[in-house]
Amino acid sequence: MMDKAMQGKGAGSRIVSECADFLKRNGYKKLRLAVDKGNPQSKAFWLKNGFAFTGEEYPNGEFSYLPMERIL
343 MMDKAMQGKG AGSRIVSECA DFLKRNGYKK LRLAVDKGNP QSKAFWLKNG FAFTGEEYPN
403 GEFSYLPMER IL
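Residue numbering for the sequence shown is 343 to 414, as defined by the numbering used here.
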């Protein structure tokens, strides 16, 4: 999670981009993650950074998660 003072300034997106570039250079083909279904800001962030929803939600206690993936 990014500090509130840094949110909206592109720092998180730069971090994701640098990590994705590093992984691609080292032979990785995709990144996968899961977001909390009830967190629209998180979903928007990952969509903006090239991730797409890849499947059905899965419950985990009181939360439900949505799997996402970015092809490198």
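No residue lacks a Cβ here, since even glycine has one placed at the ideal position from N, Cα and C.
Original post:
Thinking C-beta only, is residue 373 closer than 8 Å to residue 365?
Top reply: Yes, these two residues count as a Cβ contact at 8 Å.
**OP:** Measure the beta-carbon distance from residue 390 to residue 408 and round it to whole angstroms, keeping in mind my assumption that it falls under 8 Å.
**Re:** With 8 Å as the limit, residue 390 and residue 408 do not qualify as a contact, their Cβ atoms being about 15 Å apart.
**OP:** Please report how far the alpha carbon of residue 400 lies from the alpha carbon of residue 377, in whole angstroms.
**Re:** Answer to the nearest angstrom: the Cα atoms are 10 Å apart.
**OP:** Would you list, in sequence order, the uninterrupted alpha helix (DSSP H) runs of no fewer than 4 residues that lie entirely inside the segment 366–411?
**Re:** Taking only runs of at least 4 residues, the alpha helix (DSSP H) segments lying wholly in the segment 366–411 are 382–390.
**OP:** For residue 413, write down the residues that DSSP places opposite it in a beta bridge.
**Re:** The partner list for residue 413 (beta bridge, DSSP) reads 372.
**OP:** Please report how far the alpha carbon of residue 345 lies from the alpha carbon of residue 352, in whole angstroms.
**Re:** Roughly 12 Å between the two C-alpha positions.
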